[in-house]
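Undergrad: Using the numbering used here, the first residue of the sequence shown is number 72, and each one after it goes up by one.
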Amino acid sequence: MPIISSSDIVADDASDLLTHIRESASALSFHPRGTVRCRGVPLFRTQAARDLGCLLDVDPDVVSWMCLPTVLADSIDIHALAFAVVRSAGTILTDAVPSDAKRPPRTECPTG
Numbered sequence: 072m073p074i075i076s077s078s079d080i081v082a083d084d085a086s087d088l089l090t091h092i093r094e095s096a097s098a099l100s101f102h103p104r105g106t107v108r109c110r111g112v113p114l115f116r117t118q119a120a121r122d123l124g125c126l127l128d129v130d131p132d133v134v135s136w137m138c139l140p141t142v143l144a145d146s147i148d149i150h151a152l153a154f155a156v157v158r159s160a161g162t163i164l165t166d167a168v169p170s171d172a173k174r175p176p177r178t179e180c181p182t183g
């Protein structure tokens with residue numbers, strides 16, 4: 072399941088791309104809507120991401136979590152991670168992939 076297509080990319084700037092991905096996610100709604108430890112706006116692209124957010128809310132080692140914190144990119148792929156999770160031992164970046172997905176959502180970078 073691609074998170075975006077090459078035609079959706081309006082700028083090479085990662086900040087603009089992340090803004091675009093967050094705007095797309097803001098149009099989606101998954102239950103339950105409330106969160107406990109989410110910092111910022113809760114934005115989920117899949118029910119699997121929402122379910123993981125629920126688990127993060129009840130994990131006693133989680134201090135806070137943030138949705139769609141960053142975009143990772145190389146010359147071939149672009150990928151927006153689902154969460155940055157702050158734990159007492161440090162911060163980790165993680166993703167949420169539906170169990171029926173063949174691979175994490177990715178897309179090719181546009182050329183030229």
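Ideal Cβ positions, reconstructed from N, Cα and C, are used throughout, including at glycine.
Bear in mind the structure is a predicted one, so any value in this text is a computation, not a measurement.
Would you kindly check if the distance between the Cβ of alanine 96 and the Cβ of leucine 123 is under 8 Å?
TA: For leucine 123 and alanine 96, no; Cβs fall outside 8 Å.
Undergrad: Helix, strand or coil: which one does DSSP assign to isoleucine 92?
TA: It is helical.
Undergrad: Whose C-beta lies closer than 7 Å to the C-beta of alanine 85 among residues of the same chain, with five residues either side of it excluded?
TA: Val142 and Ala144.
Undergrad: Note down, in chain order, each residue of its chain lying with its Cβ closer than 6 Å to the Cβ of arginine 110, except the 5 sequence neighbours on either side.
TA: Taken in chain order, the residues that qualify are Ser135 and Met137.
Undergrad: Starting from valine 129, trace the alpha helix (DSSP H) both ways and give me its first and last residue.
TA: Note, valine 129: alpha helix (DSSP H), 118-129.
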